[in-house]
Amino acid sequence: NMKLNKFIVLSFITFSQNAFSEVSANAGYVSDYLFRGIYQSGSSASTGADYEVGGFYLGTWVADVGEALEYDLYSGYGVELGDVSLSIGATGYYYTQDWDQTYEEINFGLGYAGFALDYADGEYDATTGAEDYEFTSIGYSLDNGIGLLYGSFADNGGDYIEISYGFDLAGVDAFVALTVGDDTNTDDALVFGLGRSFSISD
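Each residue of the sequence shown is one higher than the last, beginning at 1149 in our numbering.
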C-alpha cells in the first residue's frame, strides 16, 4: 500500500529533525485474542516497542496467533488542543506462515472528555485482488476503569459491543472485557488480560 509506505517514510524524516525523543516497550497476555470483535486465537502473548517525538510516533507490535505470528507496523501524529485530542496514522497488519491476508489502513482519531471516535480506511489482499474495508468505533471511558465501546464494519461486515473494566493487579495493568457480536463476523467472548509498559529511553 503506497499510502502506508509514504506515511512511514515521512515519519522517519520528521523524527530525524527533532532532538528529544522517548522509547518505550510493552508486553501483554490475553486469555483470548479478539481484534475489533473478531476472534483471532486463544491464549496469546504479545510484545511491542514505540518511538515518540514531538507528537509523532512510530512502533511495532507482535502477537502469538497460535501457529503463526502477527506483526504490526504503525506510524502517526497526535496533538492535544485543550480537552480535544486528534490523531492521524497508518497501520499495517502482517502474518507469518500465510496465516491471514495483509491489511493496511489509514487511521483517524478524535477524543473529548472520555469519548473516543476512531475510523480506519483500509485495504486487504483477497484471492480476487485488493478489497477495501472501513471500520468505525465510538467509546467512552469512565474514571472508575469501566469502558464502553461500539464497533462497526461498513457494508455489513459485523458490529459488536464491548464492556470492559481495567484495574491495577500488583503493579500490572489488568482488564476484563465482555464482547457481544452480531454473529455476522464478530464473536461473543469474555476476555482477561494483563499488560505492562515501561520507558527504555536514556
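Every residue gets a Cβ at the ideal spot worked out from N, C-alpha and C, and that includes glycine.
Hey, how far is the Cα of Lys1154 from the Cα of Tyr1225?
Since pLDDT at Lys1154 reaches only 47, below the 50 mark, its modelled position is unreliable, and the value read off the structure follows with that caveat. Cα atoms of Lys1154 and Tyr1225: separation of roughly 14 Å, rounded to the nearest angstrom.
To test your reading of the DSSP string, which unbroken beta strand (DSSP E) runs of 3 or more residues are found completely within the stretch 1154–1237?
Counting whole runs of 3 or more residues, the stretch 1154–1237 contains the beta strand (DSSP E) stretches 1170–1183, 1186–1201, 1204–1212 and 1217–1229.
Considering only the beta carbon of each residue, do Gly1314 and Asp1330 sit closer than 8 Å?
No, Cβ-Cβ distance for Gly1314 and Asp1330 is not below 8 Å.
Using the three-state DSSP reduction, which class does Thr1244 fall into: helix, strand or coil?
Helix.
Figure out for me which residue from Leu1265, Gln1245, Tyr1241 and Asp1269 has the closest Cα to the Cα of Ile1254.
Check the Cα spacing between Ile1254 and each of Leu1265, Gln1245, Tyr1241 and Asp1269: the tightest is with Asp1269.
With burial defined as no fewer than 16 other Cβ atoms inside 10 Å of the residue's Cβ, what is the status of Gln1188: buried or exposed?
Counting every other CB atom within 10 Å of its CB across the protein chains shown gives Gln1188 a total of 16 or more, marking it as buried.
On the CB-based measure, 16 or more other CB atoms within 10 Å of its CB, does Ala1278 come out buried or exposed?
Counting of Cβ neighbours within 10 angstroms places Ala1278 among the exposed residues, the total staying below 16.
Bridge partners - Leu1338, DSSP secondary structure assignment
DSSP links Leu1338 through a beta bridge to Leu1326.
Just confirm the distance between the C-beta atoms of Ser1194 and Val1210, as a whole number of angstroms; I'd bet it's less than 8 Å.
So it is a contact: roughly 6 Å between Cβ atoms.
Among Ser1223, Ser1233, Ser1169 and Val1227, which has the Cα closest to the Cα of Gly1240?
If we check each option's Cα against that of Gly1240, Ser1223 comes out closest.
Whole angstroms are fine: how far does the CA of Phe1183 sit from the CA of Asn1333?
Each residue's Cα considered, the two are about 11 Å apart.
Between the Cα of Tyr1260 and those of Asp1231, Asp1273, Gly1196 and Ser1285, spot the shortest distance and give me the residue it belongs to.
Of the candidates Asp1231, Asp1273, Gly1196 and Ser1285, the one whose C-alpha sits nearest the C-alpha of Tyr1260 is Asp1231.
Close Cβ partners of Ser1233 (< 6 Å) along its chain, the five nearest in sequence each way excluded
Closer than 6 Å at the Cβ level, and outside the excluded window around Ser1233, lie Gly1259.
Which residues in the same chain as Glu1218 place their Cβ atom closer than 6 Å to its Cβ, once the five residues preceding and following it in sequence are excluded?
Closer than 6 Å at Cβ, skipping near neighbours: Ala1211 and Tyr1243.
Is Asp1331 helix, strand or coil when you go by DSSP?
It is coil, neither helix nor strand.
Taking the CB atoms as reference points, tell me whether Trp1247 and Ala1274 lie closer together than 8 Å.
Going by C-beta atoms, Trp1247 is not nearer than 8 Å to Ala1274.
Smallest Cα separation from Tyr1267: which of Ile1236, Val1201 and Thr1276?
When only C-alpha atoms are compared, the closest one is Ile1236.
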